[in-house]
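Take a look at the structure below.
Numbering (our numbering), first residue to last: 15 to 104.
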């Protein structure tokens, strides 16, 4: 679950959740997994967030999910490398 500070429009949000970058990385990795068939976003109440931070976060989340699904087209050995934004140096 994403931290409430990162997604204020979630009525059931709690502190100590994932930071946005961790949330996006997890979404991309899950969507890249061939056994994952469905991913959904729950608990979004736009009037709770007049800054639209949650809307921007949801849009990025969707983009990360789509990127993960697209990675399935790559050879399986490349998926783990491409799913993580951190690449080994060298």
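Virtual Cβ for every residue (Gly too), placed ideally from N, Cα, C.
Query                                                                                                     : Result
Counted within 10 angstroms of its Cβ, other Cβ atoms place residue 104 as buried (16 or more) or exposed : For residue 104, the predicted model reports a pLDDT of 49, less than 50, meaning its position is unreliable; a value from the coordinates is still stated below. By the 10 Å Cβ count, residue 104 comes out exposed.
Extent of the continuous alpha helix (DSSP H) run through residue 47                                      : Note, residue 47: premise wrong, no alpha helix (DSSP H); not H, not E.
Inside the region 57 to 86 only - beta strand (DSSP E) runs reaching at least 3 residues                  : none
Pair within 8 angstroms by beta-carbon distance, residue 41 and residue 84                                : no
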